[in-house]
Structure formats: structure tokens, C-alpha cells
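Residues in the sequence shown are numbered from 10 upward in steps of one, following the numbering used here. No residue lacks a Cβ here, since even glycine has one placed at the ideal position from N, Cα and C. For reference, the structure is listed below as C-alpha cells.
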Amino acid sequence: MKPRIGILTSGGDCPGLNAVLRGVVLAAEKLGWDVVGFRDGFEGLLPPGDHVVLDRKSTDGIMALGGTIIGTTNRGHFVAKVGAGDRTVVAPQVIADAKNILSGLQVKALIIVGGDGSMVTAQQLQEAGINCIGVPKTIDNDLEATATT
Numbered sequence: 010m011k012p013r014i015g016i017l018t019s020g021g022d023c024p025g026l027n028a029v030l031r032g033v034v035l036a037a038e039k040l041g042w043d044v045v046g047f048r049d050g051f052e053g054l055l056p057p058g059d060h061v062v063l064d065r066k067s068t069d070g071i072m073a074l075g076g077t078i079i080g081t082t083n084r085g086h087f088v089a090k091v092g093a094g095d096r097t098v099v100a101p102q103v104i105a106d107a108k109n110i111l112s113g114l115q116v117k118a119l120i121i122v123g124g125d126g127s128m129v130t131a132q133q134l135q136e137a138g139i140n141c142i143g144v145p146k147t148i149d150n151d152l153e154a155t156a157t158t
């Protein structure tokens with residue numbers, strides 16, 4: 010079986026999400042990897058695991074489309090930021106369920122495209138042993154360590 014990575018889009022909608030999906034798929038293809046897209050942000054990581062295999066064909070022509078073909082949400086079980094500077098802990102069972110879904114699909118790393126709240130959740134998943142790569146995005150200009158977002 011080829012190495013497999015996962016990707017999800019989380020938080021509010023913004024331009025460029027489909028372009029990121031397409032770019033990840035094309036880069037993974039060059040490396041001989043498969044890509045699994047999780048629908049509706051982190052919620053797609055919950056049992057039974059709402060996912061779709063993304064490939065060159067399924068992502069062809071999406072770069073000019075608004076939104077994200079796999080959906081996004083800023084609500085649900087994984088909300089780790091509830092206000093400016095206010096953070097919560099994602100329930101351990103929710104993280105365990107996500108870990109089991111990823112393991113069952115043999116996903117070795119998860120790319121998370123999201124804003125500051127999504128990155129807080131990504132950090133908690135990383136601390137639980139899930140390999141995470143954050144792709145920051147925002148329309149709120151509220152990501153730390155950047156001049157303009």
C-alpha cells in the first residue's frame with residue numbers, strides 16, 4: 010500500500026482552500042502517496058469517518074471554485090478556541106476516536122488547513138501522537154507571527 014496522508018479544511022471559508030487541496034494532491038502524487046480528504050473539517054475524523062480519496066481526477070478544475078470541495082466547519086466536537094485568547098481542551102475520547110479513524114485508514118500524517126482555532130486543535134492532536142502539519146489561513150488577520158494574513 011502507498012503511504013497515505015490526510016487533509017481537512019477547518020474554520021471559516023476563505024479563498025484558496027481548493028487550491029491548497031489541489032496542490033497537496035499533485036505533490037503527493039509525485040511522491041507516490043495517496044491523499045484522504047476528511048469532510049466538514051475535524052468532524053470527518055469522528056466515527057465512522059467521513060472521508061473521500063482525493064486524486065488528480067477528483068481535484069481537476071477545482072482551483073477556480075469558491076469554498077472547499079470537502080467542506081469545512083467551525084463548530085462541533087473539536088472546537089478548541091471559544092473567543093479571543095480563550096481556549097478549551099478537546100475531549101480525550103474525541104481525540105482517541107480521531108486517532109482510531111486515522112490509524113484504521115493508515116493515514117500517517119494529517120494536513121490541517123485552518124485559522125488560529127484550528128491550529129489550537131492541531132496542537133492538541135499533535136500532543137496526542139497524531140502527526141499534524143498546519144497550513145494557516147484566515148480572513149481575520151489574527152494569526153500570530155505574521156505581519157499580514
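May I ask you to report which of helix, strand or coil DSSP gives Thr-97? Walking along the sequence shown from the start, residue 97 turns up at place 88. If DSSP states are grouped into helix, strand and coil, Thr-97 belongs with coil.
Taking C-alpha atoms, which residue in Val-129, Gln-133, Lys-39, Val-34 lies nearest to Ile-71? Taking the first residue of the sequence shown as position 1, residue 71 is located at position 62. Of the candidates Val-129, Gln-133, Lys-39, Val-34, the one whose C-alpha sits nearest the C-alpha of Ile-71 is Val-34.
Which same chain residues, not among the five before or five after Ala-37, have their C-beta less than 8 Å away from its C-beta? Looking up residue 37 in the sequence shown gives position 28. Closer than 8 Å at the Cβ level, and outside the excluded window around Ala-37, lie Ile-14, Asp-43, Val-44.
With DSSP run on the structure shown, which of helix, strand or coil describes Ile-104? Residue numbering aside, residue 104 sits at position 95 when the sequence shown is read from its first letter. Three-state DSSP puts Ile-104 in a helix.
Could you check where the alpha helix (DSSP H) with Arg-31 kicks off and where it finishes? Sequence index remark: in the sequence shown, residue 31 carries index 22 (1-based). Element bounds for Arg-31: 26 to 40.
DSSP state of Phe-87, grouped into three classes? Against the sequence shown, residue 87 aligns to sequence position 78. Residue state, collapsed to three classes: coil.
Go ahead and label Ser-127 buried or exposed: buried means 16 or more other beta carbons lie within 10 angstroms of its beta carbon, across all protein chains shown. Here the question's residue 127 lines up with position 118 in the sequence shown. Buried, because 16 or more other Cβ atoms sit within 10 Å of the Cβ of Ser-127.
According to DSSP, simplified to helix, strand and coil, what is Val-129? On the sequence shown, residue 129 is found 120 positions in, with the first residue counted as 1. Residue state, collapsed to three classes: helix.
Count the other C-beta atoms from every protein chain shown that fall within 10 angstroms of the C-beta of Thr-97, then say buried if there are 16 or more, exposed otherwise. Position 88 of the sequence shown, counting from 1, holds the residue named residue 97. Thr-97 should be labelled exposed.
So, is Gln-133 buried or exposed, given that buried needs 16 or more other C-beta atoms within 10 angstroms? Within the sequence shown, the letter at position 124 stands for residue 133. Result: buried.
Span of the beta strand (DSSP E) around Ile-148: Walking along the sequence shown from the start, residue 148 turns up at place 139. That residue, Ile-148, is in no beta strand (DSSP E); it is neither H nor E in DSSP.
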